[in-house]
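In this note's numbering, the protein residues as written are 684 to 921.
The next block holds one structure in the form of structure tokens; read it before the comments.
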Amino acid sequence: MSHSVSGPGPAGGLIFDLFHTLTPAPSRVELPAHTSALLGIPRARWEQALFSETRARLTGQVREPLAILHDITDRIDAGFSDEQLTAVALERARRFEVMLTAIPAETLDSLAELRRRGWSLALLSNADAMEAAPWPRSPLAPLFHRALFSCDIGCAKPEPESYRLALDALELPAERCWFLGDGGSNELLGAREAGLCTILVSEVLEELWPERLSVRRRQADFQVRRLAELLQPGSPLG
684 MSHSVSGPGP AGGLIFDLFH TLTPAPSRVE LPAHTSALLG IPRARWEQAL FSETRARLTG
744 QVREPLAILH DITDRIDAGF SDEQLTAVAL ERARRFEVML TAIPAETLDS LAELRRRGWS
804 LALLSNADAM EAAPWPRSPL APLFHRALFS CDIGCAKPEP ESYRLALDAL ELPAERCWFL
864 GDGGSNELLG AREAGLCTIL VSEVLEELWP ERLSVRRRQA DFQVRRLAEL LQPGSPLG
């Protein structure tokens, strides 16, 4: 992770990942049971299917809750009934409702201050229609100038088109913008290839997947644990 990078200053744009970047760390909120636990699927296998094998879900080709769960589970075990998955879909919806509404006050205050300092904020999230559904009710929503979800734009990080659409939404060139995220789905590498400076936001990553931290540090120009660090003297945002 190089600290010699000179990035854009205020009045530029900040493009944020959502899950595991702006959502609360598990230790900070009581979440409904993880979907994999409800189905008795090992979490690592669930995450493999979720993040690497279900592009139709991510890009909005599949939008109904039951179809989304089939898109994931059929790659692992085709034996789940519609009745089972319908019940699990309700719990999955509750889980994401909590994740997007129980946002730490520190995160909200930091985003509000970044806006006050002149930054334009965009959200770029890999999310299916179920995961994105609570966004209008999230306290995060009013803080962003634009929000782009993969299920709505038809492409997902790290595909170049997703970053181009975010830049277009902000009406800013890449050299005036930063990308901030936990690094999942190789999003930091994709942002770099799109010409953006990158910041790894690591609090949730350190809690859930500490073994992945060293690799993702190398994919970022800077690292912060929480957004509040971006407001301090010496921050990469100036």
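For every residue, glycine included, the Cβ atom is placed at its ideal position computed from N, Cα and C.
Rounded to a whole number of angstroms, what is the C-alpha to C-alpha distance between residue i and residue j?
| i | j | result |
| --- | --- | --- |
| D904 | L872 | 10 Å |
| V688 | S885 | Because the pLDDT at V688 is just 46, under 50, the model does not fix this residue reliably, and the point stays unresolved. |
| P787 | A750 | 32 Å |
| E780 | P817 | 5 Å |
| A849 | C880 | 14 Å |
| A739 | D754 | 8 Å |
| E736 | S793 | 34 Å |
| H703 | D851 | 24 Å |
| A732 | I759 | 7 Å |
| S803 | E766 | 44 Å |
| G723 | P916 | 47 Å |
| R799 | A824 | 16 Å |
| E747 | D700 | 23 Å |
| W861 | E870 | 12 Å |
| E912 | S918 | 7 Å |
| G762 | F734 | 21 Å |
| R668 | L920 | With the chain running from 684 to 921 in the structure shown, residue 668 is simply not present. |
| L773 | L888 | 27 Å |
| E854 | L891 | 35 Å |
| P709 | R820 | 20 Å |
Mapping the DSSP letters down to three states, classify residue i as helix, strand or coil.
| i | result |
| --- | --- |
| W818 | helix |
| F702 | coil |
| T742 | coil |
| C834 | helix |
| R908 | coil |
| V688 | Confidence is the limiting factor: at V688 the pLDDT is only 46, short of 50, which leaves the residue's position unreliable, though a coordinate-based value still follows. In the structure shown, V688 sits in coil (DSSP, three-state: anything other than H, G, I, E or B). |
| F862 | strand |
| S710 | helix |
| R758 | coil |
| L920 | coil |
| G696 | strand |
Given that a residue counts as buried once 16 or more other Cβ atoms are within 10 Å of its Cβ, and exposed if not, what is residue i?
| i | result |
| --- | --- |
| T769 | exposed |
| S845 | buried |
| S719 | buried |
| E906 | Here the sequence assigns Gln to residue 906, which means Glu is not the residue at that position. Label assigned to Q906: buried. |
| R775 | buried |
| V745 | buried |
| V771 | buried |
| V898 | exposed |
| S808 | buried |
Roughly how far, in whole angstroms, is the beta-carbon of residue i from the beta-carbon of residue j, given that I think they are within contact range, below 8 Å?
| i | j | result |
| --- | --- | --- |
| P707 | A810 | Not really, about 16 Å apart at Cβ, beyond 8 Å. |
| L782 | L714 | In the sequence on display, residue 782 carries Met and not Leu. Sure, about 7 Å apart at Cβ, within 8 Å. |
| A830 | L806 | 4 Å |
| T742 | S868 | Between S868 and T742 the Cβ distance is about 13 Å, and since that is not below 8 Å, they are no contact. |
| I836 | L863 | The Cβ separation is near 19 Å, so there is no contact. |
| A795 | L826 | 6 Å |
Which residue marks the beginning of the alpha helix (DSSP H) containing residue i, and which one marks its end?
| i | result |
| --- | --- |
| G873 | E870 to E876 |
| S793 | A788 to R799 |
| A852 | P843 to L853 |
| A805 | Counting along the chain, A805 falls outside any alpha helix (DSSP H), though it belongs to the beta strand (DSSP E) covering S803 to S808. |
| L883 | Counting along the chain, L883 falls outside any alpha helix (DSSP H), though it belongs to the beta strand (DSSP E) covering C880 to V884. |
| Q731 | R726 to S735 |
| A631 | An answer regarding residue 631 cannot be provided, because it is not within the stretch 684 to 921 covered by the chain. |
| R901 | L896 to R901 |
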